[in-house]
Amino acid sequence: MSAPLPPDGQTVLRDETAIHDLGYRRYTGVHIGARGAWRALYWQGVRAMFGLGRSAKAKILPVFVLLVSLLPTLGMLVASSVAGGVVPMRYGALIPSNLALLALFVAAQAPELLSRDQQHRVLPLLFTRDVTRASYASARLAAMATALFAMASVPLLLIYFGEIGLAPKPSETFARMGTKMWPVLLQSSVTAITLSGIGAALAAWTSRRAYATASIIGAFLAATAVATGLDDLAGVSARTAELLDPLRALRTMALILFDEPTRGMELDPPGSVWGYVLPLLAMGAAGATILQLRLRKVSA
Amino acid sequence: MALDALTVAIDAGITGLVGANGAGKSTLVKILLGLVDPSSGSATLLGHDVVADRAAIRALVGYMPEHDCLPPEMSATEFVSWLARCSGLPAGASRERAAEVLRHVGLFEERYRPMGGYSTGMAQRVKLAQALVHDPRLLILDEPTNGLDPAGRDDMLALIQRTGREFGISVLVSSHLLGELERICDGFVLIDNGRLVRAERLGVLTGETGTLVIEVDGDADAMVSRLVAMGVAAQPERQRVLVQLPTGVDDDMLRQTYDAVRDSAVAVGAGLLRLERRRGHLEDLFR
Numbered sequence: 005m006s007a008p009l010p011p012d013g014q015t016v017l018r019d020e021t022a023i024h025d026l027g028y029r030r031y032t033g034v035h036i037g038a039r040g041a042w043r044a045l046y047w048q049g050v051r052a053m054f055g056l057g058r059s060a061k062a063k064i065l066p067v068f069v070l071l072v073s074l075l076p077t078l079g080m081l082v083a084s085s086v087a088g089g090v091v092p093m094r095y096g097a098l099i100p101s102n103l104a105l106l107a108l109f110v111a112a113q114a115p116e117l118l119s120r121d122q123q124h125r126v127l128p129l130l131f132t133r134d135v136t137r138a139s140y141a142s143a144r145l146a147a148m149a150t151a152l153f154a155m156a157s158v159p160l161l162l163i164y165f166g167e168i169g170l171a172p173k174p175s176e177t178f179a180r181m182g183t184k185m186w187p188v189l190l191q192s193s194v195t196a197i198t199l200s201g202i203g204a205a206l207a208a209w210t211s212r213r214a215y216a217t218a219s220i221i222g223a224f225l226a227a228t229a230v231a232t233g234l235d236d237l238a239g240v241s242a243r244t245a246e247l248l249d250p251l252r253a254l255r256t257m258a259l260i261l262f263d264e265p266t267r268g269m270e271l272d273p274p275g276s277v278w279g280y281v282l283p284l285l286a287m288g289a290a291g292a293t294i295l296q297l298r299l300r301k302v303s304a
Numbered sequence: 029m030a031l032d033a034l035t036v037a038i039d040a041g042i043t044g045l046v047g048a049n050g051a052g053k054s055t056l057v058k059i060l061l062g063l064v065d066p067s068s069g070s071a072t073l074l075g076h077d078v079v080a081d082r083a084a085i086r087a088l089v090g091y092m093p094e095h096d097c098l099p100p101e102m103s104a105t106e107f108v109s110w111l112a113r114c115s116g117l118p119a120g121a122s123r124e125r126a127a128e129v130l131r132h133v134g135l136f137e138e139r140y141r142p143m144g145g146y147s148t149g150m151a152q153r154v155k156l157a158q159a160l161v162h163d164p165r166l167l168i169l170d171e172p173t174n175g176l177d178p179a180g181r182d183d184m185l186a187l188i189q190r191t192g193r194e195f196g197i198s199v200l201v202s203s204h205l206l207g208e209l210e211r212i213c214d215g216f217v218l219i220d221n222g223r224l225v226r227a228e229r230l231g232v233l234t235g236e237t238g239t240l241v242i243e244v245d246g247d248a249d250a251m252v253s254r255l256v257a258m259g260v261a262a263q264p265e266r267q268r269v270l271v272q273l274p275t276g277v278d279d280d281m282l283r284q285t286y287d288a289v290r291d292s293a294v295a296v297g298a299g300l301l302r303l304e305r306r307r308g309h310l311e312d313l314f315r
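One line per chain: the protein sequences are Z and P, in this order. If you use the numbering used here, the first sequence closes out at 304, no skipped numbers anywhere. If you use the numbering used here, the second sequence closes out at 315, no skipped numbers anywhere.
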C-alpha cells in the first residue's frame, strides 16, 4: 500500500467501501425532533463563540479576551499571596476593564453566530429542518449568553476562590465570604443577558461580519457618548443618563453588589441594586425581541 | 409573487420542473418547502398541507438549494452531521448517516477537508448529501446540475436517477435544461411566467404519437393523393408521407389504414423503406 495511513481507523472504513458498496440505506432509528435540533444549534453556537471547530485564526480573539481579562485577576492573587492573604480582593476593580473586553468579545463573536449563517446562506437548510425561525433565534441567543456568562464569571470566580484559598484561615474567610457568591453569579448573568441581547439584535441585521462588529462597537460607543452628554444637561438625572449606557450601568451595579462604592457613590448613593438589574434585564429582553422580529423577516 | 393561480398535481417518481429562468420554479419550490407563505391558495405535500403541517413535512422532505450554502471553514462530515442533528437525529446516528450519505454521493477522503476548497462538483455532491441525510421521502432539488461540466452533469444525473429509482425516494428536480430532465424524469411540470403550461407523465409526450411516418422510395406526392382518395388523412413531408392514424378506433380500423398504406404504395410503385410511429420530444412543448 503506497498511500499514507490516516491517523485513526479510517482505513478500515475505506476498504469496506471499496469491497461492498452499501449504497443508500434507510434510516430507521429514533428521531428526537426539535429539542435535538435546538441543542445542535446551541452547542455549535457556544463552540463558535470560542472559535472551537474553526481555524486557528478564529481562536485568536476569544483567547486574547480570556487571557487579558485574567491578567489583573492573577495580579491580585499574586499580590494577595505575597501579603499573606490578608488584603481583601477588590472585585469592582476588575469590572471596567472586563466589561470593555466583553463588549469587544460580543462585537467580534456575535456575527460568528448570526451573520455567518446569512452570509453562507445556511438558513434555508435549517428552516426546512426541525428548526423554526423562533427556535433558531433563541438557540443562537442562548449560546451567546452562555459564552458571555463564562467569560464574565471566570475572573470573578477565580478571585472568589482565590481569596478563600489564600486566606490564613480559609473556613473563617468562607463564612464571611459565602454571601459573595450570589453577587458574582448575578453580576455575570446580568452582564451576559444584557450584552448578548444587544449584540444579537444588531448582528442579525447584516450578513457582513465586519458591518455587524462595527455596528455593535458603534452602539456601545454611542451609548457612552449620549449618556455622558446627558450628564451635563440639567433636567436629566445622573441615574437616568447612566441607565442609557449599559456598560456604565453594569459597572455601577457591580460596585453596589460587591459593596465597593466609589467616592461619588458615597456622596450620591445610587439606591437599590434592582434599580440597575431590572432595566439592564429589560435591555437584554428588548434585544431578544428585536432579534426575534428580525429573524421572522430574514429571507431564507 | 411570481406564481399566478397555478394548479398542478405531481405524482411519485422523478418529476422535472421546467421553466425558463424567472418562470417561478424557485418560488414554487419555496412554497412547497414552507420557506415562503403562499399569498393565496394551498399546497399539499405527501398528504400534508405545507402551511398547517409544516413540522410533519420537514421530516419527509430534503431540499437542495440552487445557491451555495456550504460554510467554507466546515468539513463536509461536520456540516452534514450537524444538519442531520438539526433534523432531529441523535448525535451518534447523525455521524453515521453523514458518513453513509457522503459515501453514497461519492465523497471519500475529501469529506474531512474544509469545504472552502471543494470543486463545484464536490460542493454539489455535499449539497445532495445534506438533503438525503435524514432519509426523506421526497427530495426537492433546485437546479442540481448548475455550474457542472458535462461529465459532472452526467454523474449528478445518474446519482439523482439512482436515488429516485433504487431507493424509492420521490424527486422533484427543477432545471431549465430540457435535455437533462428528459433523461431522468418520469413526468414533468412546465411553468412559464408563474403559470402552469403543462403537467404530464413523460411517456405521454415522448411516447408514440398518432402520426405514422413512412419513408418511401418513389413518388411520395402521388402516394399521398392516392391515400387521400382512399379516405386516409395523409400529407407529404419531403421524401416522407405522414399519415394521421385514426384515434379511438379498434384494431380492425387501424389495420384498414395500414392496408391502405400498403395498397397505395403498390399502386404508385413506391418502395416502403421505413414505417414508424413518430415519437414526441419535450421540446415540442415550447412550440
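We put the CB at the ideal spot given by N, CA and C, even for glycine.
What does residue i touch in chain P if you count any residue whose Cβ is under 7 Å from its own?
i: Z/I36; result: G116 and P118
i: Z/A304; result: L63
i: Z/A44; result: W110, R113 and C114
Please go through the same chain and pick out, in chain order, the residues whose beta-carbon is closer than 8 Å to the beta-carbon of residue i, but skip the five residues on each side of it.
i: P/D77; result: S70 and A71
i: Z/W42; result: V135, S139, S142 and A143
In chain order, what residues of the same chain have a beta carbon less than 7 Å from the beta carbon of residue i, not counting five sequence neighbours either side?
i: P/V241; result: R268, L270, E304 and R306
i: P/L88; result: L74, P164, R165 and L166
i: Z/R300; result: R137
i: Z/I197; result: A149, L285 and G288
i: Z/V277; result: M257, I260 and L261
i: Z/E20; result: Residue placement at Z/E20 is poorly supported in this model, since its pLDDT is 43, which falls under 50; the coordinates are not used for a value here.
i: P/Y140; result: S103 and T105
Among the candidates the options, whose CA atom is the shortest distance from the CA of residue i?
i: Z/L75; options: Z/Y46, Z/L162 and Z/F153; result: Z/L162
i: P/H204; options: P/G44, P/G215 and P/L224; result: P/G44
i: Z/L297; options: Z/Y140, Z/A62 and Z/S219; result: Z/Y140
i: P/L206; options: P/A288, P/T173 and P/G238; result: P/T173
i: Z/P187; options: Z/D236, Z/A258 and Z/V82; result: Z/A258
i: P/S103; options: P/R123, P/D287, P/I212 and P/V252; result: P/R123
i: Z/I202; options: Z/S211, Z/R212 and Z/T217; result: Z/T217
i: P/V201; options: P/E210, P/V260 and P/F195; result: P/E210
i: Z/A223; options: Z/G79, Z/L108 and Z/Y28; result: Z/L108
i: P/R113; options: P/Q158, P/V256, P/G144 and P/G50; result: P/Q158
Show which residues of chain Z have a CB atom less than 8 Å away from the CB atom of residue i.
i: P/V89; result: T132
i: P/D96; result: H124 and R125
i: P/E106; result: G57
i: P/A121; result: Y31, G33 and V34
i: P/R86; result: T132, R133 and D134
i: P/P93; result: R125, P128 and L129
Might you give, ordered along the chain, the residues of its own chain that have their beta carbon closer than 6 Å to the beta carbon of residue i, omitting 5 neighbours on each side?
i: P/A295; result: R254
i: P/L301; result: E243 and D245
i: P/I42; result: G192, V199, I212, C213 and D214
i: P/P264; result: A248, D249 and V252
i: P/S115; result: H162
i: Z/Y46; result: A143, A146 and A147
i: P/R9; result: Here chain P comprises residues numbered 29 to 315, so residue 9 of chain P is not present and cannot be evaluated.
i: Z/A111; result: T217, I220 and I221
Along chain Z, which residues have their Cβ under 7 Å away from the Cβ of residue i?
i: P/F216; result: Near P/F216 there are no residues of chain Z at all, since even the closest Cβ is about 23 Å away, more than 7 Å.
i: P/P274; result: In chain order: nothing, as chain Z lies at least about 47 Å away.
i: P/R125; result: Y31
Can the beta-carbon of residue i be found less than 8 Å from the beta-carbon of residue j?
i: P/L169; j: P/V199; result: yes
i: P/T191; j: P/L160; result: yes
i: P/E171; j: P/E94; result: yes
i: Z/R58; j: Z/S119; result: no
i: P/L26; j: Z/T132; result: For residue 26 of chain P there is no data in the structure shown, the boundaries of chain P being 29 and 315.
i: Z/S85; j: Z/L170; result: yes
i: P/V108; j: P/A126; result: yes
i: P/I219; j: P/K53; result: yes
i: Z/R51; j: Z/E264; result: no
i: Z/M181; j: Z/I168; result: yes
Under 8 Å between beta-carbons, which chain P residues line up against residue i? List them in chain order, please.
i: Z/Q48; result: W110
i: Z/P115; result: Under the 8 Å cutoff, chain P gives no residues; its nearest Cβ is about 13 Å from Z/P115.
i: Z/A41; result: R113, C114, S115 and G116
From the beta carbon of residue i, is the nearest beta carbon of chain B less than 8 Å away?
i: P/Q158; result: In the displayed structure, chain B is absent; the protein chains listed are Z and P.
Counting only Cβ pairs nearer than 9 Å, list the residues of chain P close to residue i.
i: Z/A208; result: Near Z/A208 there are no residues of chain P at all, since even the closest Cβ is about 17 Å away, more than 9 Å.
Under 9 Å between beta-carbons, which chain Z residues line up against residue i? List them in chain order, please.
i: P/P99; result: R120, D121, Q123, H124 and V126
Any C-beta of chain P within less than 9 Å: which residues of the segment 58-76 of chain Z qualify? Residues passing the 9 Å Cβ filter: R58, S59 and A62.
Tell me which residues of the segment 161-172 of chain P have at least one Cβ-Cβ distance to chain Z shorter than 8 Å, keeping chain order. Flagged, chain order: H162 and D163.
Short-range partners of chain Z found in the segment 179-191 of chain P, where Cβ spacing is below 9 Å: Within the segment 179-191 of chain P, the qualifying residues are R190 and T191.
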